[in-house]
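Letter 213 of the sequence shown, counting from 1, is numbered 237 in our numbering, and no numbers are missing.
Glycine is no exception: its CB is placed at the ideal position from the N, C-alpha and C atoms.
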Amino acid sequence: FELGVVPQEVAIVYRVALAALALVVLAIVQRRRLTVPLRFLPAVALQGVFMFCANYYFVYHGAAYIASGLIAVLFTSIVILNAVNERLFFGKRIQPSTLIAGALSLCGVALMFWPEVSTLSLDDDAVKGFALVLTGAYMASLGNMAAVLSTRRKLPVIAVNAQGMALGALCSALFAVVTNKPFIVDWQPAYIGSLLFLALPGTAIAFGLYLQLIERIGPTKASYTTVMLPVVALLISTVFEGYEWSALAISGLAIALVGNVLALAAKASPAPKSPAP
Numbered sequence: 025f026e027l028g029v030v031p032q033e034v035a036i037v038y039r040v041a042l043a044a045l046a047l048v049v050l051a052i053v054q055r056r057r058l059t060v061p062l063r064f065l066p067a068v069a070l071q072g073v074f075m076f077c078a079n080y081y082f083v084y085h086g087a088a089y090i091a092s093g094l095i096a097v098l099f100t101s102i103v104i105l106n107a108v109n110e111r112l113f114f115g116k117r118i119q120p121s122t123l124i125a126g127a128l129s130l131c132g133v134a135l136m137f138w139p140e141v142s143t144l145s146l147d148d149d150a151v152k153g154f155a156l157v158l159t160g161a162y163m164a165s166l167g168n169m170a171a172v173l174s175t176r177r178k179l180p181v182i183a184v185n186a187q188g189m190a191l192g193a194l195c196s197a198l199f200a201v202v203t204n205k206p207f208i209v210d211w212q213p214a215y216i217g218s219l220l221f222l223a224l225p226g227t228a229i230a231f232g233l234y235l236q237l238i239e240r241i242g243p244t245k246a247s248y249t250t251v252m253l254p255v256v257a258l259l260i261s262t263v264f265e266g267y268e269w270s271a272l273a274i275s276g277l278a279i280a281l282v283g284n285v286l287a288l289a290a291k292a293s294p295a296p297k298s299p300a301p
């Protein structure tokens, strides 16, 4: 419902700006702090640019070339990307169980969307869609790494997300202006309804919960929620669209769940301690 009339860059501005506004209102009502110490703003800014701007930009544009099921499969790669980036940026060892769980999750999601995967033709549009979505997944992973810094510093989640989303919306708006994208609104109920859904529960609430999840179990384990998103989508489709589960889809669900259980059951591998200054 979001694709079509409104340019993708502008749709991102609307979504993320509304989410930021909702968090500001919530903070005011609950009398929560909205400020972040100046020395910690660079990490908040990186989170905003990667997680709430670049991530959405690439995924939204990728959606114009490939089906949503393929996007779900490709975005599951964030599990592996987070493990690699945790190693690069924080020195955390990559456990074999993490790689096995990630591979199982990818296979499971691919089986759930096998009708779309099996009919894929590697034409120019499909390759372009693949590249865009995978780039979006990597941008999201970099945003996850920035979020790790904020959670380790015990910064207030609402303040971090409100400021990060505001900056992400600003970056998207600037890019829309530079590329001459018109700031129009599709007033059809389907567009407005989907926009409010994506902005409020899909962004403002979801990312608040996600940052708390990162704080509790780390970004790699938290990213396994992306494996469950297609499962939830298919369950909703079962209720509202009459989706019929095939043997492959059921097998894929079982494999994905095994991957999640394996990942969450793995013991944390602490990063090596830095030498004393």
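Identify, in the order they occur along the chain, each residue of the same chain with its Cβ nearer than 7 Å to the Cβ of R56, setting aside the five sequence neighbours on each side. As a working note, residue 56 is residue 32 in the sequence shown. Closer than 7 Å at the Cβ level, and outside the excluded window around R56, lie P180, I182.
Find the nearest neighbour of A19 within the set A287, A170, V30, judged by alpha-carbon distance. Nothing can be reported for residue 19, as the shown portion of the chain is limited to 25 through 301.
Indicate whether A46 and A246 have their beta-carbon atoms separated by less than 8 Å. On the sequence shown, position 22 is the one that residue 46 refers to. On the sequence shown, position 222 is the one that residue 246 refers to. No, the pair does not count as a contact, with Cβ atoms beyond the cut-off.
Distance between T175 and A155 (C-alpha atoms, nearest Å): Stepping through the sequence shown from its first residue, residue 155 is reached at position 131. Stepping through the sequence shown from its first residue, residue 175 is reached at position 151. Those two C-alpha atoms are separated by around 30 Å.
What three-state label does DSSP hand F99 in the structure shown? Mapped onto the sequence shown, residue 99 falls at position 75. The answer is helix: DSSP assigns F99 an H, G or I state.
Is G167 closer than 8 Å to Q71 when the C-beta atoms are compared? Here residue 71 corresponds to residue number 47 of the sequence shown, with the count starting at 1. Here residue 167 corresponds to residue number 143 of the sequence shown, with the count starting at 1. Yes, the pair counts as a contact, with Cβ atoms nearer than the cut-off.
Does G115 pass the burial test, meaning 16 or more other C-beta atoms within 10 Å, or should it be called exposed? By 1-based counting over the sequence shown, the position of residue 115 is 91. The residue in question, G115, is exposed, as its Cβ has fewer than 16 Cβ neighbours within 10 Å.
Applying the criterion that 16 or more other CB atoms from any shown protein chain within 10 Å of the CB defines a buried residue, is N109 buried or exposed? To locate residue 109, count along the sequence shown from 1; it is residue 85. The residue is buried, with at least 16 neighbouring Cβ atoms inside 10 Å.
V40 and K205 closer than 8 Å at C-beta: Mapped onto the sequence shown, residue 40 falls at position 16. Mapped onto the sequence shown, residue 205 falls at position 181. The answer is no: Cβ separation not under 8 Å.
Buried versus exposed call for G93 [16 or more other C-beta atoms within 10 Å across all chains shown]: Counting from one through the sequence shown, the residue named residue 93 turns up at place 69. Burial call: buried.
Assuming V37 contacts S196 under a Cβ cut-off of 8 Å, what Cβ separation, rounded to an integer in Å, is found between them? Numbered from its first residue, the sequence shown carries residue 37 at position 13. Numbered from its first residue, the sequence shown carries residue 196 at position 172. About 5 Å separates the two Cβ atoms, so the contact holds.
L112 versus V263 - alpha carbon distance: In the sequence shown, residue 112 corresponds to position 88, counting from 1. In the sequence shown, residue 263 corresponds to position 239, counting from 1. Cα to Cα, the separation comes out at about 42 Å.
With A88 as the anchor, note down where its alpha helix (DSSP H) starts and where it stops. Here the question's residue 88 lines up with position 64 in the sequence shown. Per DSSP, A88 belongs to no alpha helix (DSSP H) and is neither H nor E.
Give me, in chain order, the residues of the same chain whose beta-carbon lies closer than 8 Å to that of D210; leave out the 5 immediate sequence neighbours on both sides. Mapped onto the sequence shown, residue 210 falls at position 186. Hits under 8 Å: G28, V29, V30, I216.
Excluding five sequence neighbours on each side, which residues of the same chain lie with their C-beta closer than 7 Å to the C-beta of A67? Numbered from 1 along the sequence shown, position 43 holds the residue referred to as residue 67. Contacts found: A170, L173, S174.
How far does the alpha helix (DSSP H) with N204 in it reach, from first residue to last? Position 180 of the sequence shown, counting from 1, holds the residue named residue 204. Looking at the DSSP string, N204 is not in any alpha helix (DSSP H), and its letter there is neither H nor E.
May I have the straight-line CA-CA distance separating E26 from F221, to the nearest angstrom? Residue mapping note: residue 26 aligns to position 2 of the sequence shown, counting from 1. Residue mapping note: residue 221 aligns to position 197 of the sequence shown, counting from 1. When rounded, the distance between both Cα atoms is 11 Å.
Is DSSP giving Q187 helix, strand or coil here? Within the sequence shown, residue 187 is the residue found at index 163, counting from 1. The DSSP-derived three-state label of Q187 is helix.
Could you give the distance in angstroms between the alpha-carbon of P120 and the alpha-carbon of A287? As a working mapping, residue 120 is identified with position 96 in the sequence shown. As a working mapping, residue 287 is identified with position 263 in the sequence shown. Their Cα atoms are separated by approximately 10 Å.
Quick test of your reading: N132 and I279, contact by CB under 8 Å. State the CB separation rounded to the nearest angstrom. Here residue 132 refers to the residue found at position 108 when the sequence shown is read from its first residue. Here residue 279 refers to the residue found at position 255 when the sequence shown is read from its first residue. At residue 132 the sequence reads Gly, which differs from the Asn that was named. Confirmed, about 4 Å.
Pop quiz: A96 and P254 are said to be a contact at Cβ under 8 Å. What is the actual Cβ separation, rounded to whole angstroms? For the purposes of this step, residue 96 is identified with residue 72 of the sequence shown, where counting begins at 1. For the purposes of this step, residue 254 is identified with residue 230 of the sequence shown, where counting begins at 1. With 8 Å as the limit, A96 and P254 qualify as a contact, their Cβ atoms being about 4 Å apart.
Going by other Cβ atoms of all chains shown within 10 Å of its Cβ, with 16 needed for buried, is V251 buried or exposed? Taking the first residue of the sequence shown as 1, we reach residue 251 at position 227. The residue is buried, with at least 16 neighbouring Cβ atoms inside 10 Å.
Which of helix, strand or coil DSSP assigns to P180: Numbered from 1 along the sequence shown, position 156 holds the residue referred to as residue 180. P180: coil per DSSP, three-state reduction.
Minimum C-alpha distance to F74 - residue among N185, A271, D148, L237: Within the sequence shown, numbered from 1, the residue matching residue 74 stands at position 50. With respect to the C-alpha of F74, the residue from N185, A271, D148, L237 having the closest C-alpha is N185.
In three-state DSSP terms, what is Q236? The residue given as residue 236 occupies position 212 in the sequence shown. When secondary structure is reduced to three states using DSSP, Q236 falls in the helix class.
Host alpha helix (DSSP H) of P243 (start-end): Counting from 1 along the sequence shown, the entry for residue 243 is found at position 219. Element bounds for P243: 243–246.
Suppose you measure from the CA of Y80 to the CA of T227; what does that come to, to the nearest Å? Your numbering for residue 80 matches position 56 in the sequence shown. Your numbering for residue 227 matches position 203 in the sequence shown. Rounded to the nearest angstrom, the two C-alpha atoms are 11 Å apart.
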